[in-house]
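Enquirer: Take the sequence shown: its letters are residues 3 to 186, numbered as in the working numbering.
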Amino acid sequence: EENKGWELGFEKKSPDNILQFGATYFSNDIDNLIGFDAMFRSINIAKATSKGVEAFAQILFKKSSVRIDFTYTDIKDKTYQSKILRRPKEKISFKLDHQFSDAVKANILIRTIGDRFDTDFRPYPFEDVVLEGYTVVNLSASYQVMQTVTLNGRIDNLFDEDYQDVLTYNTPNRSGYIGVKLSL
3 EENKGWELGF EKKSPDNILQ FGATYFSNDI DNLIGFDAMF RSINIAKATS
53 KGVEAFAQIL FKKSSVRIDF TYTDIKDKTY QSKILRRPKE KISFKLDHQF
103 SDAVKANILI RTIGDRFDTD FRPYPFEDVV LEGYTVVNLS ASYQVMQTVT
153 LNGRIDNLFD EDYQDVLTYN TPNRSGYIGV KLSL
């Protein structure tokens with residue numbers, strides 16, 4: 003891939019550093035964008051453009067923080083004047099972190115992905131389809147048992163959302179993970 007682009011943005015903090023927010027406009031002209039053909043082989047999309055806006059806001063409290071991010075992207079195949087598969091126009095995330103004590107931390111992350119265009123390669127002729135947007139909620143927590151030992155736990159897709167990033171390719175159901183981190 004080769005990319006020529008520019009962006010213009012700003013970030014601002016409140017005088018007490020409790021509130022932070024910013025936004026960026028971006029524009030890219032891309033040559034040889036990596037994509038996939040009907041047989042799932044890598045191909046290069048000769049010319050593409052990507053334009054959009056990213057914005058965020060964050061509030062810090064004594065033991066918590068709240069952050070929201072938003073991205074709007076308009077990406078097009080300029081060679082064929084068509085949409086590029088599986089690229090959402092909108093993405094939103096919301097994250098809440100909280101420190102219950104010096105040893106216990108937890109967070110919740112909510113991600114929303116907008117509709118995406120895809121191609122159904124099963125029928126002939128192939129059909130253009132829209133993959134519905136989705137929202138996934140993830141939880142994680144950690145407990146520092148001692149200075150060198152931390153227990154971690156995570157639940158991804160808490161509400162067992164059924165969604166696909168690629169048509170006919172399933173994504174993980176609700177999943178749980180536990181771990182131990184040793185720092186020497």
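Cβ atoms here follow ideal geometry from the backbone N, Cα and C, with glycine treated the same way.
So, ASN109 versus SER142, is the Cβ gap smaller than 8 angstroms?
Expert: Yes, these two residues count as a Cβ contact at 8 angstroms.
Enquirer: With DSSP collapsed to three states, give me the class of THR51.
Expert: THR51: strand per DSSP, three-state reduction.
Enquirer: Under the three-state reduction of DSSP, which class applies to GLY116: helix, strand or coil?
Expert: Reduced to three states, the DSSP call for GLY116 is coil.
Enquirer: Judging by CA-CA distance, which residue of SER144, PHE128 and PHE28 is the nearest neighbour of ASP104?
Expert: When each option's Cα is compared against that of ASP104, the closest is SER144.
Enquirer: One question on the structure: do ILE78 and THR51 come within less than 8 angstroms of each other, judged by their Cβ atoms?
Expert: A quick correction: the sequence has Lys, not Ile, at residue 78. The answer is yes: Cβ separation under 8 angstroms.
Enquirer: Less than 8 angstroms separating the beta-carbons of GLY122 and LEU87?
Expert: A small fix is needed here, since residue 122 is Asp in this sequence, not Gly. No.
Enquirer: So the beta strand (DSSP E) TYR145 belongs to, where does it begin and stop?
Expert: Looking at the DSSP string, the run of the beta strand (DSSP E) that includes TYR145 is 136-148.
Enquirer: If you run the structure through DSSP and keep just helix, strand and coil, what is LYS6?
Expert: In this structure, LYS6 counts as strand in the three-state DSSP scheme.
Enquirer: Rounded to the nearest angstrom, what separates LYS64 and ALA57 at their Cα positions?
Expert: Spanning the two alpha carbons is a distance of roughly 24 angstroms.
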